[in-house]
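Chemist: Residue numbers (the numbering used here): 29 to 288.
Below you'll find the structure I mean.
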């Protein structure tokens, strides 16, 4: 009887924390609700739902990766990984005869690219990788990240590339503008000071490690520091006139990286 009284006393007066299951992590926080608008809202909802199944959206290039033959002897394959700015770039048109492989996916953020980096870059056995990421991270429609977290994703991609004998070539975030009705919130959504911070960090990072660096800004900016109106229809995506200017800059950086 005494034994059961002791047990009952312990259950009644023991601290609640002792009765709970141990958990090292802090409690999860609920998502912050935001009205993303008539177009961006449904677009975001569709992507987020699929990210629950395949965060990196590795299914998108799975068949193409399987079908792509290994590089032949002497081939200097280069993979371009990025978001819609890369996805919309017809590499065969602007780099004729070059063994360049496009692995851009519209709307993606850097943590998604990091998740698919092995499947969409390393497994293709390129000599170099051109990385353009971050402008969607700054917007925050798919992930809410600090500048330090975005920089950590850059670092991780570079480390994976180097560990597999691949030369990293980073691209600075490109200018945007708010000149058209479909771009009125572009600077509000992608704050210039955040873009500037990331570009300064990338410049120092690439210089410190000897990585390739591409800066399209001087060719594409107007006197306000924004993307020239003639190079885009929506304030962010380059048109063919812009890609034509970008191609030689990219080619020069790639050749320099491959020579190292």
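Backbone N, C-alpha and C fix where the C-beta goes; we use that ideal spot for every residue, glycine too.
Pair every Cβ in the segment 235 to 243 with every Cβ in the segment 183 to 202, then say whether three or more of these pairs are closer than 8 Å.
Modeler: Cβ pair count under 8 Å is three or more, so yes.
Chemist: Is residue 119 near residue 130, with beta carbons less than 8 Å apart?
Modeler: In the chain shown, counting from the first residue as 1, residue 119 sits at position 91. In the chain shown, counting from the first residue as 1, residue 130 sits at position 102. Yes, Cβ-Cβ distance for residue 119 and residue 130 is below 8 Å.
Chemist: Between 284, 171, 167 and 156, which lies nearest to residue 190 when the distance is taken from Cα to Cα?
Modeler: As a working note, residue 190 is residue 162 in the chain shown. Residue 156 is the option with its Cα nearest to residue 190.
Chemist: What is the rounded straight-line gap between the Cα of residue 138 and the Cα of residue 218?
Modeler: Against the chain shown, residue 138 aligns to sequence position 110. Against the chain shown, residue 218 aligns to sequence position 190. Residue 138 and residue 218: Cα-Cα distance of roughly 15 Å.
Chemist: With DSSP collapsed to three states, give me the class of residue 208.
Modeler: If you number the chain shown from 1, residue 208 lands on position 180. Three-state result, residue 208: coil.
Chemist: Measure the beta-carbon distance from residue 159 to residue 199 and round it to whole angstroms, keeping in mind my assumption that it falls under 8 Å.
Modeler: As a first step, residue 159 is located in the chain shown; it is residue number 131 there, counting from the start. As a first step, residue 199 is located in the chain shown; it is residue number 171 there, counting from the start. Residue 159 to residue 199, Cβ: 7 Å. Contact.
Chemist: When DSSP labels each residue in this structure, what does residue 244 get in the three-state scheme?
Modeler: For the purposes of this step, residue 244 is taken as residue 216 along the chain shown, with counting starting at 1. Residue 244: coil per DSSP, three-state reduction.
Chemist: Using a Cβ-Cβ cut-off of 6 Å (strictly less than) and excluding sequence neighbours within five positions of residue 273, which residues of its own chain qualify?
Modeler: Mapped onto the chain shown, residue 273 falls at position 245. Counting only Cβ-Cβ distances below 6 Å, and skipping sequence neighbours, we find 247.
Chemist: Between which two residues does the alpha helix (DSSP H) harbouring residue 74 extend?
Modeler: By one-based count along the chain shown, residue 74 stands at place 46. Per DSSP, residue 74 belongs to the alpha helix (DSSP H) from 68 to 79.
Chemist: Might you give, ordered along the chain, the residues of its own chain that have their beta carbon closer than 6 Å to the beta carbon of residue 35, omitting 5 neighbours on each side?
Modeler: On the chain shown, residue 35 is found 7 positions in, with the first residue counted as 1. Reliability fails at residue 35, whose pLDDT of 49 lies under 50, so the model's placement of it is uncertain and the value that follows must be treated cautiously. Once the five neighbours on either side are set aside, residue 35 has no close Cβ partner at all.
Chemist: Report the option in 182, 161 and 188 whose CA atom is closest to the CA atom of residue 153.
Modeler: On the chain shown, residue 153 is found 125 positions in, with the first residue counted as 1. When only C-alpha atoms are compared, the closest one is 188.
Chemist: When you compare only the Cα positions, how much space is there between residue 144 and residue 269?
Modeler: Taking the chain shown and counting its residues from 1, one reaches residue 144 at position 116. Taking the chain shown and counting its residues from 1, one reaches residue 269 at position 241. So the alpha carbons of these two residues sit roughly 30 Å apart.
Chemist: Measure the beta-carbon distance from residue 204 to residue 254 and round it to whole angstroms, keeping in mind my assumption that it falls under 8 Å.
Modeler: In the chain shown, the residue the question calls residue 204 occupies position 176. In the chain shown, the residue the question calls residue 254 occupies position 226. Indeed, because the Cβ distance is near 7 Å, the residues count as touching under 8 Å.
Chemist: Quick one: is residue 136 buried, meaning 16 or more other Cβ sit within 10 Å of its Cβ, or exposed?
Modeler: For this step, residue 136 is matched to residue 108 along the chain shown. Buried: at least 16 other Cβ atoms inside 10 Å.
Chemist: Note down the Cα distance separating residue 150 from residue 88, rounded to an integer number of angstroms.
Modeler: The residue labelled residue 150 in the question sits at position 122 within the chain shown. The residue labelled residue 88 in the question sits at position 60 within the chain shown. For residue 150 and residue 88, the distance between alpha carbons rounds to 16 Å.
Chemist: Please state if the CB of residue 112 and the CB of residue 84 are separated by a distance shorter than 8 Å.
Modeler: Counting from one through the chain shown, the residue named residue 84 turns up at place 56. Counting from one through the chain shown, the residue named residue 112 turns up at place 84. Result no, Cβ atoms of residue 84 and residue 112 do not sit closer than 8 Å.
Chemist: Suppose you measure from the CA of residue 123 to the CA of residue 59; what does that come to, to the nearest Å?
Modeler: Within the chain shown, numbered from 1, the residue matching residue 123 stands at position 95. Within the chain shown, numbered from 1, the residue matching residue 59 stands at position 31. Residue 123 and residue 59: Cα-Cα distance of roughly 43 Å.
Chemist: Could you check if residue 266 is buried or exposed, using at least 16 other CB atoms within 10 Å of its CB as the buried criterion?
Modeler: Within the chain shown, residue 266 is the residue found at index 238, counting from 1. Buried, by the Cβ-count rule.
Chemist: Between which two residues does the beta strand (DSSP E) holding residue 199 run?
Modeler: For the purposes of this step, residue 199 is identified with residue 171 of the chain shown, where counting begins at 1. Looking at the DSSP string, the run of the beta strand (DSSP E) that includes residue 199 is 195 to 199.
Chemist: If you run the structure through DSSP and keep just helix, strand and coil, what is residue 96?
Modeler: The residue labelled residue 96 in the question sits at position 68 within the chain shown. The answer is coil: DSSP assigns residue 96 none of H, G, I, E or B.
Chemist: Within the segment 154 to 190, note down every full alpha helix (DSSP H) run reaching 4 residues or more, in order along the chain.
Modeler: As far as the segment 154 to 190 is concerned, its whole alpha helix (DSSP H) runs of at least 4 residues are 163 to 167.
Chemist: Ignore the nearest five residues each way along the sequence and tell me which others in residue 98's own chain have a CB closer than 8 Å to its CB.
Modeler: Within the chain shown, the letter at position 70 stands for residue 98. The residues are 153.
Chemist: Based on Cα-Cα distance, which residue from 105, 117 and 75 lies nearest to residue 282?
Modeler: The residue given as residue 282 occupies position 254 in the chain shown. With distances taken between Cα atoms, residue 282 lies closest to 105.
Chemist: Spatial neighbours of residue 257 within its chain, please: C-beta separation below 7 Å, excluding the five flanking residues on both sides.
Modeler: Walking along the chain shown from the start, residue 257 turns up at place 229. 205 and 207, listed in sequence order.
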